[in-house]
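Let me begin by presenting the structure, written as structure tokens, before commenting on it.
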Amino acid sequence: MDANLKSLVLENSNDIVKMWLEEVQSSKNQEYTSTISDELFESTNREFVNVIFASIEKQGLSSELDDFSERLINLGWPLSYLTDGMQVFRRVTIDFILSQSDKVDSEYLSRVMQKVDAWVGPIINRLVNEYSGSWEHIVSLQRVALQELSAPLIPVMENITVMPLIGTIDTERAKLIMENLLDGVIKHHADVVLIDITGVPVVDTMVAHHIIQAAEAVRLIGSTCILVGIRPEIAQTIVNLGIDLTKFPTKSSLRKGFQSALELTNRKIVTTEEKDESIEKLIDSLDGE
Amino acid sequence: MDFQSCVNIKKEWDIVGARQLGRDIAKKIGFGTVDQARIATAISELARNIYLYAGSGKVCFEAIDDMNHKGLSIIAIDEGPGIEELSQVMEDGFSTSGGLGAGLPGVKRLMDEFDIVSEQGKGTEIKVVKWLR
């Protein structure tokens with residue numbers, strides 16, 4: 001009987017396809033496919049239903065299914081289009097089989113349902129897996145990209161290094177900051193490290209704790225850590241929280257921090273003699289002759 | 001914005017979500033940047049406590065708009081182990097996790113009203129209010 005059902009469905013595939021297309025077309029008004037052009041929607045529907053039949057005919061998952069789902073993922077079609085389509089296919093096929101059979105008892109009904117489920121189930125699973133796999137891939141790529149951005153270290157001058165921090169600091173990132181900071185201090189022979197927190201939206205006790213620990217670790221390897229970029233509102237919340245930052249120097253801006261870093265390394269910014277003035281002097285001396 | 005909006009805290013990133021929602025609501029009510037930072041920090045502390053000690057819970061926000069004053073009320077609820085000694089956690093420098101121990105007393109100083117109810121084995125509920133001046 002199982003083989004009968006299959007041949008029944010395959011022989012009458014045209015009718016089923018027609019019913020399926022009608023149902024799916026009518027659901028086009030739903031939000032997620034309303035931006036897609038009619039021709040594309042129709043051709044994709046036809047392709048989809050052909051792929052479904054190909055899978056049933058081959059008694060398994062076909063490479064067409066993989067190609068098809070991969071293309072839809074790349075085009076950004078919603079997963080709900082595919083799952084809805086499969087549900088409609090299940091409903092239509094069961095309806096069709098029942099309308100074709102003369103005796104319908106509960107046993108027959110359950111066998112039909114089981115059979116159709118066995119066709120539809122693996123396809124749905126495969127499609128959902130393909131989609132979630134592609135999402136997981138994107139998320140993991142973005143995580144790597146974020147990680148690369150999370151704790152940059154810039155050696156701006158001999159012995160002076162800057163670490164600009166932007167965005168939220170979580171435990172994982174705090175660990176990275178600590179590692180990169182210490183590695184960088186050794187690698188660049190930095191005497192002074194400036195940690196810039198201008199871009200950190202909220203400094204709570206956890207963030208402060210991690211920064212204090214990092215600064216303490218930097219002190220242990222013989223360098224000085226200056227915390228810069230403390231905005232007025234952050235300064236107030238730090239005071240309210242009662243966090244003790246007296247152990248290491250802080251400055252309001254990166255510029256001020258850089259100046260004190262220069263002082264710590266026995267250097268200072270010297271303005272070179274103004275060029276205009278020297279040229280004028282030269283002209284004056286020429287005039288004199 | 002009178003209705004209560006809640007953020008479930010289950011992962012570390014939910015803390016950021018709670019903070020952002022709280023900051024948005026605070027901005028809508030009309031808090032200045034300093035108070036927004038205070039509120040965001042307080043939410044961060046409360047949400048982190050839930051994440052660290054209770055595992056999961058939620059942070060709810062409610063805009064208060066009475067005849068004479070406006071403000072933001074934040075309620076952090078969890079069903080964690082509860083707090084053993086309330087007076088101890090309100091002391092500066094007390095921590096069971098090796099942190100700074102400035103969280104709860106800090107939140108109390110950041111906000112205008114602070115109310116804590118905790119029952120061992122049942123959970124903790126902290127309600128804080130910031131008034132708009």
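Listed in order, the protein sequences are those of chains A and B.
Residue numbers 1 to 289, in UniProt numbering, belong to the letters of the first sequence in order.
Residue numbers 1 to 133, in UniProt numbering, belong to the letters of the second sequence in order.
Even glycine gets a Cβ: it sits at the ideal position worked out from N, Cα and C.
Determine, using beta carbons only, whether residue i comes closer than 7 Å to chain B.
{"i": "Ile138 (chain A)", "result": "no"}
{"i": "Asp196 (chain A)", "result": "no"}
{"i": "Trp20 (chain A)", "result": "no"}
Counting only Cβ pairs nearer than 9 Å, list the residues of chain B close to residue i.
{"i": "Glu233 (chain A)", "result": "Gly32, Thr33, Val34, Asp35, Gln36, Ala37, Arg38"}
{"i": "Asp170 (chain A)", "result": "Glu12, Trp13, Ile15, Val16"}
{"i": "Thr237 (chain A)", "result": "Val34, Ala37, Arg38, Ala40, Thr41, Ala42, Gly106, Leu110"}
I think residue i touches residue j, with their Cβ atoms under 8 Å apart; what is that distance to the nearest whole Å?
{"i": "Val129 (chain B)", "j": "Glu113 (chain B)", "result": "4 Å"}
{"i": "Leu8 (chain A)", "j": "Ile73 (chain A)", "result": "About 33 Å separates the two Cβ atoms, so there is no contact after all."}
{"i": "Val92 (chain A)", "j": "Ile16 (chain A)", "result": "6 Å"}
{"i": "Pro105 (chain B)", "j": "Asp92 (chain B)", "result": "5 Å"}
{"i": "Val24 (chain A)", "j": "Asn45 (chain A)", "result": "6 Å"}
{"i": "Gly123 (chain B)", "j": "Ala18 (chain B)", "result": "That pair is no contact at about 17 Å."}
{"i": "residue 135 (chain B)", "j": "Ile74 (chain B)", "result": "Outside the shown range of chain B, which is 1 to 133, sits residue 135 (chain B), and nothing can be said about it."}
{"i": "Ile25 (chain B)", "j": "Ala63 (chain B)", "result": "6 Å"}
{"i": "Val59 (chain B)", "j": "Leu72 (chain B)", "result": "Not confirmed; about 12 Å, so no contact."}
{"i": "Gly229 (chain A)", "j": "Leu245 (chain A)", "result": "With a Cβ gap of about 13 Å, Gly229 (chain A) and Leu245 (chain A) do not count as contacting."}
Between residue i and chain A, is any beta-carbon pair separated by less than 7 Å?
{"i": "Asp92 (chain B)", "result": "yes"}
{"i": "Arg133 (chain B)", "result": "no"}
{"i": "Asp66 (chain B)", "result": "no"}
{"i": "Met1 (chain B)", "result": "Its pLDDT being 44, under 50, Met1 (chain B) is placed unreliably in this model, and the coordinates cannot settle the point."}
{"i": "Phe61 (chain B)", "result": "no"}
{"i": "Ile116 (chain B)", "result": "no"}
Output, in chain order, the set of chain A residues within a Cβ distance shorter than 7 Å of residue i.
{"i": "Ala102 (chain B)", "result": "Thr205, Leu241, Gly242, Ile243"}
{"i": "Glu45 (chain B)", "result": "Asp204, Thr205"}
Figure out for me which residue from the options has the closest Cα to the Cα of residue i.
{"i": "Ile36 (chain A)", "options": "A:Thr265, A:Arg91, A:Leu109, A:Gly76", "result": "A:Gly76"}
{"i": "Cys225 (chain A)", "options": "A:Leu262, A:Lys58, A:Pro201", "result": "A:Leu262"}
{"i": "Arg219 (chain A)", "options": "A:Lys247, A:Asp204, A:Val239, A:Ile243", "result": "A:Lys247"}
{"i": "Gly99 (chain B)", "options": "A:His209, A:Lys251, A:Ser7", "result": "A:His209"}
{"i": "Glu158 (chain A)", "options": "A:Asn266, A:Leu65, A:Gly229", "result": "A:Asn266"}
{"i": "Ser69 (chain A)", "options": "A:Thr198, A:His189, A:Glu130, A:Val200", "result": "A:Glu130"}
{"i": "Thr168 (chain A)", "options": "A:Asp84, A:Val200, A:Arg46, A:Ser260", "result": "A:Val200"}
{"i": "Ala214 (chain A)", "options": "A:Asn45, A:Ile97, A:Val203, A:Leu176", "result": "A:Leu176"}
{"i": "Lys251 (chain A)", "options": "A:Thr161, A:Ile197, A:Thr271, A:Leu181", "result": "A:Ile197"}
{"i": "Tyr35 (chain B)", "options": "B:Ala63, B:Met111, B:Ser56, B:Ile83", "result": "First, the amino acid is wrong: residue 35 (chain B) is Asp here, not Tyr. With distances taken between Cα atoms, Asp35 (chain B) lies closest to B:Met111."}
{"i": "Ser56 (chain B)", "options": "B:Gln120, B:Ala102, B:Glu79", "result": "B:Glu79"}
{"i": "Glu57 (chain A)", "options": "A:Asn14, A:Val192, A:Val207, A:Trp119", "result": "A:Trp119"}
{"i": "Ser13 (chain A)", "options": "A:Ser43, A:Val51, A:Ser26, A:Glu42", "result": "A:Val51"}
{"i": "Asp117 (chain A)", "options": "A:Asp102, A:Val144, A:Phe89", "result": "A:Phe89"}
{"i": "Gln259 (chain A)", "options": "A:Asp284, A:Leu286, A:Val193", "result": "A:Val193"}
{"i": "Asp84 (chain A)", "options": "A:Ile124, A:Leu109, A:Arg71, A:Asp66", "result": "A:Ile124"}
{"i": "Leu227 (chain A)", "options": "A:Glu136, A:Asp287, A:Phe48, A:Thr161", "result": "A:Thr161"}
{"i": "Glu12 (chain B)", "options": "A:Thr171, A:Met178, A:Leu182", "result": "A:Thr171"}
{"i": "Glu11 (chain A)", "options": "A:Glu39, A:Phe53, A:Leu40", "result": "A:Phe53"}
{"i": "Glu233 (chain A)", "options": "B:Lys127, B:Asp14, B:Phe31", "result": "B:Phe31"}
{"i": "Arg133 (chain B)", "options": "B:Asp65, B:Val117, B:Ser87, B:Gln120", "result": "B:Asp65"}
{"i": "Ile221 (chain A)", "options": "A:Gln236, A:Val185, A:Ile212", "result": "A:Val185"}
Which residues in chain B sit within 7 Å of residue i, going by Cβ to Cβ distance?
{"i": "Ala208 (chain A)", "result": "Leu100"}
At what residues does the alpha helix (DSSP H) containing residue i begin and finish?
{"i": "Phe114 (chain B)", "result": "Per DSSP, Phe114 (chain B) belongs to no alpha helix (DSSP H); it is in the beta strand (DSSP E), 113 to 119."}
{"i": "Met89 (chain B)", "result": "Note on residue identity: the sequence assigns Val, not Met, to residue 89 (chain B). Val89 (chain B) -> alpha helix (DSSP H) spans 86 to 89."}
{"i": "Lys175 (chain A)", "result": "171 to 187"}
{"i": "Phe61 (chain B)", "result": "It is not in any alpha helix (DSSP H) - Phe61 (chain B) instead sits in the beta strand (DSSP E) that spans 57 to 65."}
{"i": "Ser13 (chain A)", "result": "13 to 26"}
{"i": "Asp95 (chain A)", "result": "79 to 100"}
{"i": "Asn50 (chain A)", "result": "38 to 57"}
{"i": "Ser134 (chain A)", "result": "106 to 150"}
{"i": "Pro105 (chain B)", "result": "103 to 110"}
{"i": "Pro232 (chain A)", "result": "232 to 241"}
{"i": "Ile39 (chain B)", "result": "33 to 49"}
{"i": "Phe68 (chain A)", "result": "63 to 75"}
How far does the beta strand (DSSP E) with residue i in it extend, from its first residue to its last?
{"i": "Glu125 (chain B)", "result": "123 to 131"}
{"i": "Gly71 (chain B)", "result": "70 to 78"}
{"i": "Leu227 (chain A)", "result": "224 to 228"}
{"i": "Asp196 (chain A)", "result": "192 to 199"}
{"i": "Thr161 (chain A)", "result": "160 to 166"}
{"i": "Ile9 (chain B)", "result": "5 to 9"}
{"i": "Ile154 (chain A)", "result": "154 to 157"}
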